[in-house]
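Participant: The structure follows.
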Amino acid sequence: YLMMSVSNSSREGLDMMWKFFTSEFDAIYGMVKSASPSIMDAVIGASTAGFCSEEKATEIEAFFEKHPLPSNKRTISQKLEEIRTNAQFLTRALQTNLAQEQFWKDLHSIA
Numbered sequence: 001y002l003m004m005s006v007s008n009s010s011r012e013g014l015d016m017m018w019k020f021f022t023s024e025f026d027a028i029y030g031m032v033k034s035a036s037p038s039i040m041d042a043v044i045g046a047s048t049a050g051f052c053s054e055e056k057a058t059e060i061e062a063f064f065e066k067h068p069l070p071s072n073k074r075t076i077s078q079k080l081e082e083i084r085t086n087a088q089f090l091t092r093a094l095q096t097n098l099a100q101e102q103f104w105k106d107l108h109s110i111a
């Protein structure tokens, strides 16, 4: 739960959690490797939830290519798909008037 609290606290918390996960991967894996794969799935989820750029997806993918986790392959694949889907959505959303301050001012004045 601590890892999820840090990663969910802010953008900085998410970045901090990913850096911690990658720098302490061997120690983390050593603690959970004999447990259910769902424990590592949760750690992976906490360490990657909220990212939404192709660059970060590529970085995460490269990390797991160097540190393969066969028991967690599906979770890693799902997280990468989620990040890439969110990146595509964000790119499209930023091309609309939703990205314009005036849209939100006008919306607020209606309410």
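When we follow full-length UniProt numbering, the leftmost residue of the sequence shown carries the number 1, and every step to the right adds one. Ideal Cβ placement from N, Cα and C applies to all residues, glycine included.
1) Rounded to the nearest angstrom, what separates Met16 and Ala99 at their Cα positions?
2) Considering only C-alpha positions, which residue in the set Pro37, Lys56 and Gly13 is nearest to residue 112?
3) When we look at the beta-carbon of Thr96 and count the other beta-carbons within 10 Å, is it buried (16 or more) or exposed?
4) If we count Cβ pairs, one from each stretch, closer than 8 Å, do we get three or more for the segment 39-58 versus the segment 81-97?
5) Output the residue ranges of the alpha helix (DSSP H) runs that lie fully inside the UniProt domain "ERAP1-like C-terminal" (2-84) and measure 4 residues or longer, sorted by chain position.
6) Taking the alpha carbon of Pro37 as the point to measure from, which residue in Arg74, Met4 and Phe63 has its own alpha carbon closest?
7) Take the Cβ of Leu107 as the centre, count every other Cβ of all protein chains shown within 10 Å, and call the residue buried at 16 or more, exposed below.
8) Terminal residues of the continuous alpha helix (DSSP H) containing Leu107?
Facilitator: The relevant details are as follows:
1) 27 Å
2) Look at the range of the chain in this structure, 1 to 111, and you will see that residue 112 is not part of it.
3) exposed
4) yes
5) 2-9, 11-23, 25-32, 37-48 and 54-66
6) Arg74
7) exposed
8) Glu101 to Ile110
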